[in-house]
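Following: one structure in structure tokens, then a few remarks.
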Amino acid sequence: MFKELDPLLHSQLRLAVMSLLLGLESAEFVFLKEKTNSTAGNLSVQLDKLSEAGYITIEKSFNGKKPLTTCRITKKGVKAFEDYVNSLKGYIQK
Amino acid sequence: MNTDNDTLSPQQSLDLITNMINEAKGNVRDNSFYYLLWGWVLVAAHLGSFVLNELDFPYPYAVWLIVIPAWIASFVHGSRQAKKQLRTITHLERVNVSLWVSFGVLAVIIPFFGAFINYQINPMILLVGSMATVTSGIILKYRPLLLGGLLIFACGLGSFFLSHQQQSLLSAVAIALGYLVPGYLLKMQK
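Protein sequences, first through last, are from chains U and D.
Just so we're aligned, residue 1073 is where the first sequence starts under my numbering, counting upward by one.
Just so we're aligned, residue 9 is where the second sequence starts under my numbering, counting upward by one.
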């Protein structure tokens, strides 16, 4: 019996963001945009979805006059990611 | 990168996760500035303390006041770097910074308790510093720093058997070889 893959994580951009955040204490929006090669609009929408699910936190601040958006993975996000990878293993070992 | 769910196979998902984790890992920052600054400041302070003692200067420990501008320089450099390039912080970077800040606090506090440890301040600071250096070497996966830390540890233990004057000289040697040399090697690697 295979577990269903978390639809929130089973999407290229959201999975990429979660994988990046997993190895980092925090990351800025610009960094995530560069590494995932995504557009600002699309990334912003996907970050909001992850944040609404409680998988990440988004903190908005300023560096001088420049706005900064900093993202961090939450404990719930780490757990969801681990469950997702465990489900994936089931599919691959099939 | 798109957000379609149906185009992602389990294998593609795993490949994507692996790629992104590797992307996040490749952000090791060059910290050689701190190794060189503190290496030279501490070598100068130990040698200065030795020379002033030899000259019977009434306040040989006044030379340690040079750590104050070094703290300021570290702070200014750190905040400039933060503004310039700190777009991510890895868990290990945070551990490394906390480690050295903790060491800095201890290095300031230990001298005030000198009377309780028979004024064996140099050996104590070398031993605590060796622990931070070895751990940094492991965190950065940088063998010269790890070996430097072990050398500082050996010098710390050896210092217990020496006079205060000899301790100053051995400390300068330990810091030059165990801290400054790895710092220069790190800088050259850039």
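We put the CB at the ideal spot given by N, CA and C, even for glycine.
Predicted, not measured: the structure shown is a model, and the values here were computed from it.
CB contact below 7 Å: residue i versus chain D
{"i": "residue 1097 of chain U", "result": "yes"}
{"i": "residue 1145 of chain U", "result": "no"}
{"i": "residue 1084 of chain U", "result": "yes"}
{"i": "residue 1105 of chain U", "result": "no"}
{"i": "residue 1112 of chain U", "result": "no"}
{"i": "residue 1051 of chain U", "result": "Nothing can be reported for residue 1051 of chain U: it is not among the residues displayed for chain U, which extend from 1073 to 1166."}
{"i": "residue 1080 of chain U", "result": "no"}
{"i": "residue 1160 of chain U", "result": "yes"}
{"i": "residue 1140 of chain U", "result": "no"}
C-alpha distance - residue i paired with residue j, whole-angstrom precision
{"i": "residue 35 of chain D", "j": "residue 71 of chain D", "result": "Caution is warranted here: a pLDDT of 49 is assigned to residue 35 of chain D, below 50, making its placement in the model unreliable, and the coordinate value is therefore given only provisionally. Roughly 37 Å between the two C-alpha positions."}
{"i": "residue 28 of chain D", "j": "residue 140 of chain D", "result": "30 Å"}
{"i": "residue 1084 of chain U", "j": "residue 1152 of chain U", "result": "16 Å"}
{"i": "residue 68 of chain D", "j": "residue 60 of chain D", "result": "5 Å"}
{"i": "residue 78 of chain D", "j": "residue 169 of chain D", "result": "30 Å"}
{"i": "residue 57 of chain D", "j": "residue 1091 of chain U", "result": "51 Å"}
{"i": "residue 102 of chain D", "j": "residue 54 of chain D", "result": "29 Å"}
{"i": "residue 186 of chain D", "j": "residue 155 of chain D", "result": "7 Å"}
{"i": "residue 192 of chain D", "j": "residue 150 of chain D", "result": "13 Å"}
{"i": "residue 158 of chain D", "j": "residue 51 of chain D", "result": "18 Å"}
{"i": "residue 152 of chain D", "j": "residue 44 of chain D", "result": "14 Å"}
{"i": "residue 1107 of chain U", "j": "residue 32 of chain D", "result": "9 Å"}
{"i": "residue 1135 of chain U", "j": "residue 96 of chain D", "result": "14 Å"}
{"i": "residue 39 of chain D", "j": "residue 126 of chain D", "result": "35 Å"}
{"i": "residue 1114 of chain U", "j": "residue 1143 of chain U", "result": "15 Å"}
{"i": "residue 1089 of chain U", "j": "residue 1125 of chain U", "result": "14 Å"}
{"i": "residue 111 of chain D", "j": "residue 137 of chain D", "result": "7 Å"}
{"i": "residue 1111 of chain U", "j": "residue 1086 of chain U", "result": "13 Å"}
{"i": "residue 123 of chain D", "j": "residue 1102 of chain U", "result": "53 Å"}
{"i": "residue 197 of chain D", "j": "residue 1079 of chain U", "result": "44 Å"}
{"i": "residue 1132 of chain U", "j": "residue 1099 of chain U", "result": "12 Å"}
{"i": "residue 25 of chain D", "j": "residue 1150 of chain U", "result": "13 Å"}
{"i": "residue 100 of chain D", "j": "residue 190 of chain D", "result": "19 Å"}
{"i": "residue 41 of chain D", "j": "residue 107 of chain D", "result": "17 Å"}
{"i": "residue 105 of chain D", "j": "residue 98 of chain D", "result": "11 Å"}
CB contact check: residue i to chain U, cutoff 7 Å
{"i": "residue 31 of chain D", "result": "yes"}
{"i": "residue 28 of chain D", "result": "yes"}
Contact belief for residue i with residue j at Cβ below 8 Å, rounded distance in angstroms
{"i": "residue 167 of chain D", "j": "residue 178 of chain D", "result": "6 Å"}
{"i": "residue 1093 of chain U", "j": "residue 1130 of chain U", "result": "Wrong, their Cβ atoms sit about 11 Å apart, outside the cutoff."}
{"i": "residue 183 of chain D", "j": "residue 47 of chain D", "result": "6 Å"}
{"i": "residue 130 of chain D", "j": "residue 87 of chain D", "result": "That pair is no contact at about 31 Å."}
{"i": "residue 1156 of chain U", "j": "residue 1081 of chain U", "result": "5 Å"}
{"i": "residue 119 of chain D", "j": "residue 1160 of chain U", "result": "So it is not a contact: roughly 55 Å between Cβ atoms."}
{"i": "residue 148 of chain D", "j": "residue 1164 of chain U", "result": "Not quite, the Cβ-Cβ distance comes to about 34 Å (not below 8 Å), so this is no contact."}
Short-range partners of chain D found in the region 1117-1132 of chain U, where Cβ spacing is below 7 Å: 1118
Mind listing which residues of the region 124-157 of chain D have their C-beta closer than 9 Å to chain U's C-betas, in chain order? none
Please list, in chain order, the residues of the region 14-26 of chain D that have any C-beta partner in chain U closer than 7 Å. 16, 18, 19, 21, 22, 24 and 25
Residue ranges of each alpha helix (DSSP H) within the region 11-71 of chain D, 4 or longer: 18-33 and 40-62
Complete alpha helix (DSSP H) runs within the region 124-185 of chain D (minimum length 4 residues, chain order): 129-147, 151-167 and 172-183
In chain order, each beta strand (DSSP E) run of at least 3 residues that lies wholly inside the region 72-116 of chain D: 96-98
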